[in-house]
Amino acid sequence: MADWSRGAATPGRPPAVEVEALARRFGRRWALRGVDLRVEPGEAVAVLGRNGSGKTTLLRVVATLLRPTRGRVRVAGRDVVREAAAVRERVGLMGHAPGVYDDLTAAENLRFALRMMGRAVDEQRIAAALEAVGLGREADERVRGFSAGMRRRLVLARLRLQQPEILLLDEPYASFDAEGVELLNAFVRETVERGGAALVVTHDLARGEGVLERAFVLDGGRIVQEVQVTGRPGAVREVVP
Amino acid sequence: MSGPWRAELGRVAAVAWKDLTAERRTRANANAVLFFAVLVLVLFGFAFGPDADALRVAAPGVLWLTVLFSGVLAFNRSYQVELENGAFDVLLLYPGDRRAIFLGKVVANLVFVLLIEALVVPLAALLYGLPLLAALPGLAAVVLLATLGLVTVGTFYGAMASRVRAREVLLPLLLFPIVIPLLVAAVEATTAALAGDPMGEVGAWIRLLIVFDVVFFIACVLAFEHVIEE
Numbered sequence: 001m002a003d004w005s006r007g008a009a010t011p012g013r014p015p016a017v018e019v020e021a022l023a024r025r026f027g028r029r030w031a032l033r034g035v036d037l038r039v040e041p042g043e044a045v046a047v048l049g050r051n052g053s054g055k056t057t058l059l060r061v062v063a064t065l066l067r068p069t070r071g072r073v074r075v076a077g078r079d080v081v082r083e084a085a086a087v088r089e090r091v092g093l094m095g096h097a098p099g100v101y102d103d104l105t106a107a108e109n110l111r112f113a114l115r116m117m118g119r120a121v122d123e124q125r126i127a128a129a130l131e132a133v134g135l136g137r138e139a140d141e142r143v144r145g146f147s148a149g150m151r152r153r154l155v156l157a158r159l160r161l162q163q164p165e166i167l168l169l170d171e172p173y174a175s176f177d178a179e180g181v182e183l184l185n186a187f188v189r190e191t192v193e194r195g196g197a198a199l200v201v202t203h204d205l206a207r208g209e210g211v212l213e214r215a216f217v218l219d220g221g222r223i224v225q226e227v228q229v230t231g232r233p234g235a236v237r238e239v240v241p
Numbered sequence: 001m002s003g004p005w006r007a008e009l010g011r012v013a014a015v016a017w018k019d020l021t022a023e024r025r026t027r028a029n030a031n032a033v034l035f036f037a038v039l040v041l042v043l044f045g046f047a048f049g050p051d052a053d054a055l056r057v058a059a060p061g062v063l064w065l066t067v068l069f070s071g072v073l074a075f076n077r078s079y080q081v082e083l084e085n086g087a088f089d090v091l092l093l094y095p096g097d098r099r100a101i102f103l104g105k106v107v108a109n110l111v112f113v114l115l116i117e118a119l120v121v122p123l124a125a126l127l128y129g130l131p132l133l134a135a136l137p138g139l140a141a142v143v144l145l146a147t148l149g150l151v152t153v154g155t156f157y158g159a160m161a162s163r164v165r166a167r168e169v170l171l172p173l174l175l176f177p178i179v180i181p182l183l184v185a186a187v188e189a190t191t192a193a194l195a196g197d198p199m200g201e202v203g204a205w206i207r208l209l210i211v212f213d214v215v216f217f218i219a220c221v222l223a224f225e226h227v228i229e230e
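Line by line, the protein sequences give chains B and E.
Sequential numbering of the first sequence, starting at 1, is according to our numbering.
Sequential numbering of the second sequence, starting at 1, is according to our numbering.
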């Protein structure tokens with residue numbers, strides 16, 4: 001299992017995510033207007049905000065899926081534009097849409113993911129990953145028949161196989177039942193305990209309580225609030241927009 | 001073979017396997033494309049009337065237009081499956097060279113279009129009275145090279161069109177002008193091959209197809225990463 005904890009304890013280790021004066025324009029509309037934020041190794045941070053506030057755009061820039069119009073973004077010390085390939089080796093994405101293939105089985109989806117990661121296809125690891133997310137019995141079923149929550153679980157199984165250093169999660173709690181939320185939170189906790197980090201875009205901070213430590217609130221493409229969530233039971237209600 | 005190359009070839013094979021497996025399971029694309037191709041062949045047959053000589057003269061052009069129109073459906077579908085569940089983002093985020101995605105899709109589309117042609121070419125021979133067996137193997141070389149060029153450019157522009165809303169309309173608008181030299185070479189080579197190559201011109205047209213394939217293959221591989229950027 002990947003372990004980045006040695007780096008976490010080392011002074012001078014670069015931030016997991018470092019965003020400086022980030023701006024992103026779509027045509028004439030500015031989705032982000034100068035965002036600064038920092039996520040340290042060993043930290044899970046939420047990004048909150050109304051619809052259209054720029055949360056998903058921020059996550060997609062960090063994931064190298066969008067280029068910044070202005071500003072600088074570094075992931076584990078690597079620039080998302082100049083060192084995009086190195087960034088992609090470190091991040092794992094759970095996007096708004098699940099990103100799985102309907103006409104492949106659950107196990108085939110994971111086999112494909114391992115081959116695309118350049119890793120050996122290990123059937124035992126695939127079976128264990130599916131078992132861990134409660135899809136052990138559905139391993140050979142086509143994804144077309146899966147519910148939205150089961151698809152989310154399959155994405156979680158893919159992330160468990162990938163073991164990324166930095167998790168980028170976009171509305172991860174959507175479609176999950178209580179058990180699914182617990183599985184996801186446990187995985188986020190494991191990742192940050194090993195010295196990784198998580199940047200979580202969500203409308204549902206309450207479901208990440210106990211895992212998410214800080215929250216940034218985006219509004220109109222700018223960060224308008226930063227709140228420490230851990231250890232403050234009322235903080236969730238305070239920052240939910 | 002060195003490690004990175006082997007890993008990239010593994011990714012190419014993975015993308016091709018994934019696309020072909022999904023297609024084999026559903027046959028959604030294959031059925032639609034095959035039905036469309038047969039329909040185009042029959043409609044052109046009706047349009048040219050019952051004159052057997054006129055049909056034979058028009059057949060090479062009709063055949064390659066049928067392949068081109070059918071290919072557009074296949075190239076659009078190739079990226080549609082990535083967009084349906086947001087899988088394109090996940091695909092782009094895998095480590096390694098993104099050109100492996102393009103090459104994998106070229107392999108899958110090449111197999112798909114060649115399979116369609118394996119049914120459409122004999123059907124065209126039947127409908128238009130073409131001496132198919134006598135024209136082999138020259139015709140096989142023409143079909144293989146022209147299909148490779150068409151699939152390379154179609155897969156490339158399919159990726160470009162997949163990023164915009166009106167992709168079904170945009171792909172033919174981008175693709176058709178670019179493949180005019182390929183279409184002319186394929187039609188002329190097919191005409192010559194079917195006539196028994198009396199002027200010895202098939203070789204020249206095949207050389208043009210090879211040049212087209214090489215130039216566009218290199219250009220598309222090099223430019224792929226730029227066209228898939230949002």
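A virtual CB, placed ideally from N, CA and C, is assigned to each residue, including glycine.
Values in this document were obtained by computation on a predicted structure and should not be read as measured data.
Straight across, the Cα-Cα distance linking B/D36 with E/R6 is about 40 Å. Among the residues of chain E, none has a CB under 9 Å from the CB of B/L135; the nearest is roughly 16 Å distant. Per the DSSP secondary-structure output, B/T105 pairs in a beta bridge with B/R142. Following the DSSP letters along the chain, one finds B/E20 in no alpha helix (DSSP H) but inside the beta strand (DSSP E) bounded by residues V17 to F26. Between the beta-carbon of B/G196 and that of B/L167 there is about 7 Å, and that keeps the pair under the 8 Å contact cut. Excluding residues up to 5 positions away in sequence, L110 and D213 lie with their Cβ nearer than 7 Å to the Cβ of E/L148 in the same chain.
For B/H96, the chain E residues whose Cβ falls inside 8 Å of its Cβ are G86, in order along the chain.
Taking 4 residues as the minimum length, the alpha helix (DSSP H) runs contained wholly in the stretch 24-78 of chain B are 55-62, in order along the chain.
The Cβ-Cβ distance between B/M94 and E/Y94 does not fall below 8 Å. Going by beta carbons, B/G118 and E/G104 fall outside the 8 Å limit. In the three-state reduction of the DSSP assignment, E/M160 falls in the helix class, which pools H, G and I. Under the three-state reduction of DSSP output, B/V200 falls in the strand class. Note on geometry: alpha-carbon atoms of E/R163 and E/R98 lie some 16 Å from one another. In this structure, the alpha-carbon of E/A118 lies about 17 Å from that of E/G61. E/R11 has a beta carbon lying within less than 8 Å of a beta carbon in chain B. The Cβ atoms of B/A44 and B/L212 sit closer than 8 Å to each other. When Cβ-Cβ separations below 8 Å define contact, B/A85 makes contact with chain E. The contact set of E/A14 on chain B, defined by CB atoms closer than 8 Å, consists of F112, R115 and M116 in chain order. Between B/E89 and chain E, the shortest Cβ-Cβ separation is below 8 Å.
Interface criterion not met: the Cβ of B/G221 is under 8 Å from no Cβ in chain E. Distance between E/I180 and E/A189, taken at the CA atoms: about 14 Å. Only those residues of the stretch 60-83 of chain B whose C-beta falls short of 9 Å from the nearest C-beta of chain E are listed: R60, A63, T64, L65, L66 and R67. Chain E has no Cβ within less than 8 Å of the Cβ of B/D140. Out of E/H226, E/A185, E/G138 and E/L144, the CA that lies nearest to the CA of E/A193 is found in E/G138. As computed with DSSP, B/D170 is found in a beta bridge with B/V201.
Contact annotation: the stretch 94-108 of chain B touches the stretch 147-156 of chain B, with at least three C-beta pairs closer than 8 Å.
Comparing alpha carbon positions, the residue from E/V143, E/V57, E/E8 and E/L41 closest to E/A195 is E/V57.
With distances taken between CA atoms, E/C220 lies nearest to E/L150 out of E/L150, E/P198, E/L43 and E/R207. One thing to note: E/A161 has its Cβ no nearer than 8 Å to the Cβ of E/W64.
For B/G99, a Cβ of chain E is located within less than 8 Å of the residue's own Cβ. In this structure, E/A124 is the residue among E/I178, E/A124 and E/L130 with its C-alpha nearest to the C-alpha of E/V67. In this structure, E/V142 lies away from E/L55, with their beta-carbon atoms at least 8 Å apart. Taking all protein chains in view, the Cβ of E/I218 is surrounded by fewer than 16 other Cβ atoms within 10 Å, so the residue is classified as exposed. Under a 10 Å Cβ-count criterion, B/E182 is classified as exposed, with fewer than 16 other Cβ atoms of the shown protein chains found around its own Cβ.
In the three-state reduction of the DSSP assignment, B/V217 falls in the strand class, which pools E and B.
Pairing B/S53 with B/D219, the inter-Cα distance amounts to about 5 Å.
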